Every structure is written in C-alpha cells, then in structure tokens.
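Have a look at the structure below before the remarks.
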Amino acid sequence: MTKKILMVVLMAGGTMAAGAAQAQGGADRPDFATLDADGDGAVTQQELTAHRDARFAERDTNGDGALSVEELAAASAGKAAERAAKMLEQRDANGDGLLQRAELEPRTDRTERMFDRLDADDDGAISAEEFEAIKERRGRGHGRRGRG
Numbered sequence: 174m175t176k177k178i179l180m181v182v183l184m185a186g187g188t189m190a191a192g193a194a195q196a197q198g199g200a201d202r203p204d205f206a207t208l209d210a211d212g213d214g215a216v217t218q219q220e221l222t223a224h225r226d227a228r229f230a231e232r233d234t235n236g237d238g239a240l241s242v243e244e245l246a247a248a249s250a251g252k253a254a255e256r257a258a259k260m261l262e263q264r265d266a267n268g269d270g271l272l273q274r275a276e277l278e279p280r281t282d283r284t285e286r287m288f289d290r291l292d293a294d295d296d297g298a299i300s301a302e303e304f305e306a307i308k309e310r311r312g313r314g315h316g317r318r319g320r321g
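Sequential numbering of the sequence shown, starting at 174, is according to the working numbering.
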C-alpha cells in the first residue's frame with residue numbers, strides 16, 4: 174500500500190509540475206498532506222484533480238476559465254519574489270537586507286567542481302566542443318529538450 178501511495182504522489186508531482194509549468198513557467202511541488210485533502214492517508218485521482226483545478230482558479234483572477242498573459246505574469250512574479258527573498262535570506266552575510274557583490278560570489282568549491290566537469294580533457298580550459306557537449310548532455314539527460 175505504501176508503494177502504491179508513493180507512486181501516486183510521484184506521478185502526481187510530475188503531472189502537476191507539467192501543468193503548473195504551463196500555467197506559470199515553473200512551480201513548487203505540494204507536499205503529501207496538501208494533496209491528501211481529506212486526510213485519510215491516501216491521495217485519490219479526485220484529490221489530484223481538485224488540487225490542480227484550485228491552482229488554476231487561483232491564477233485565473235478574472236474567473237473567465239482561461240489564463241491571460243497578465244495572469245501568467247502575475248503568478249510568475251509572485252514566485253520570483255519568493256525566490257528573491259529566499260536568496261536574500263540565504264546570502265545576506267552581513268544582515269543589511271542587501272546583497273553586495275561579494276555575497277553573490279559563487280561558492281568556490283562548487284564552481285571548481287563544475288569547471289572540472291566541463292573541462293573533459295583536463296587542460297585547464299573549456300573548449301567550444303566541451304561546452305557544447307555539456308549543453309547537449311544536460312538537455313538530453315534532464316528532459317529539458319536542449320534548454321539545459
């Protein structure tokens with residue numbers, strides 16, 4: 174039973190992520206408790222549909238049953254503001270409510286690991302071929318159809 178619930182949640186996450194991506198250009202994934210609207214420990218197709226419909230209605234601010242460019246932009250702007258606030262919270266080392274250039278510097282260890290992955294022949298430089306190879310690998314491997 175637990176495996177079945179997990180599979181439903183994973184499938185729902187993928188389905189809703191795809192629908193939400195169409196609706197707002199990306200989305201946060203709901204937790205199990207959010208999807209399990211009646212709190213019975215299982216997520217039904219009806220609960221998934223209700224959740225999807227509620228998210229759509231939330232974005233359809235004029236209630237016409239369609240999402241306009243303005244409604245899509247408003248939904249995206251809200252998410253962008255949330256991401257920006259989170260970034261500020263994580264990166265604002267001196268606590269002044271602003272991000273200085275030094276606070277935006279990439280973390281050295283992560284940058285070095287990424288460079289090492291790109292520099293396939295270990296010559297200390299990334300060639301155009303290496304750059305294109307990683308772009309293709311990321312697009313193919315992550316289902317982004319070349320938008321890696």
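Backbone N, C-alpha and C define an ideal beta-carbon position, used for all residues, glycine too.
Here the structure is a predicted model, which means the values were calculated and not measured.
Cα separation between Ala196 and Gly238? Along the sequence shown, one-based indexing puts residue 196 at 23. Along the sequence shown, one-based indexing puts residue 238 at 65. Caution applies to Ala196, whose pLDDT of 41 falls short of 50 and renders its modelled position unreliable; the value that the coordinates give is listed next. Answer to the nearest angstrom: the Cα atoms are 12 Å apart.
Distance cut-off 8 Å: Gly236 Cβ against heavy atoms of the ligand HEM: As for the ligand HEM, it is missing from this structure, which has no ligand bound.
Between the alpha carbons of Ala210 and Pro279, how many angstroms are there, rounded? Within the sequence shown, residue 210 is the residue found at index 37, counting from 1. Within the sequence shown, residue 279 is the residue found at index 106, counting from 1. Rounded to whole angstroms, Ala210 to Pro279 spans 41 Å at the Cα level.
Count the other CB atoms within 10 Å of the CB of Ala248; is the residue buried (16 or more) or exposed (fewer)? Here residue 248 is taken as the residue at index 75 of the sequence shown, counted from 1. Burial call: buried.
Measure the CB-CB distance between Glu220 and Arg232 and report whether it falls below 9 Å. On the sequence shown, residue 220 is found 47 positions in, with the first residue counted as 1. On the sequence shown, residue 232 is found 59 positions in, with the first residue counted as 1. It is not a contact, given that the beta carbons lie outside the stated cut-off.
Enumerated in chain order, which unbroken segments of the alpha helix (DSSP H) with a length of 4 residues or greater are wholly contained in the region 242–321? 242–264, 274–277, 281–291, 301–314
From Gly212 to Ala206, what distance separates their C-alpha atoms? On the sequence shown, position 39 is the one that residue 212 refers to. On the sequence shown, position 33 is the one that residue 206 refers to. When rounded, the distance between both Cα atoms is 7 Å.
Helix, strand or coil for Asp226, going by three-state DSSP, please let me know. Your numbering for residue 226 matches position 53 in the sequence shown. Reduced to three states, the DSSP call for Asp226 is helix.
Quick one: what does DSSP say Gly215 is sitting in, helix, strand or coil? On the sequence shown, position 42 is the one that residue 215 refers to. Note on residue identity: the sequence assigns Ala, not Gly, to residue 215. Reduced to three states, the DSSP call for Ala215 is coil.
For Lys232, which three-state DSSP category applies? In the sequence shown, residue 232 corresponds to position 59, counting from 1. Residue 232 is actually Arg in this sequence, not Lys. If DSSP states are grouped into helix, strand and coil, Arg232 belongs with the helices.
Check this for me: beta carbons of Gly256 and Leu277, under 9 Å apart or not? The residue labelled residue 256 in the question sits at position 83 within the sequence shown. The residue labelled residue 277 in the question sits at position 104 within the sequence shown. It should be pointed out that residue 256 corresponds to Arg in this sequence rather than to Gly. No, the pair does not count as a contact, with Cβ atoms beyond the cut-off.
Taking Ala206 as part of the alpha helix (DSSP H), name the residues at either end of that continuous run. Mapped onto the sequence shown, residue 206 falls at position 33. Ala206 -> alpha helix (DSSP H) spans 205–208.
Once the 5 residues before and after Ala293 are set aside, which same chain residues still bring their CB inside 6 Å of it? One-based indexing of the sequence shown puts residue 293 at position 120. Correct list, in chain order: Glu303.
Suppose you measure from the CA of Gly251 to the CA of Thr234; what does that come to, to the nearest Å? Within the sequence shown, numbered from 1, the residue matching residue 251 stands at position 78. Within the sequence shown, numbered from 1, the residue matching residue 234 stands at position 61. Gly251 and Thr234: Cα-Cα distance of roughly 14 Å.
Under the rule that 16 or more other beta-carbon atoms within 10 Å means buried, what is Val216, buried or exposed? Within the sequence shown, residue 216 is the residue found at index 43, counting from 1. Buried: at least 16 other Cβ atoms inside 10 Å.
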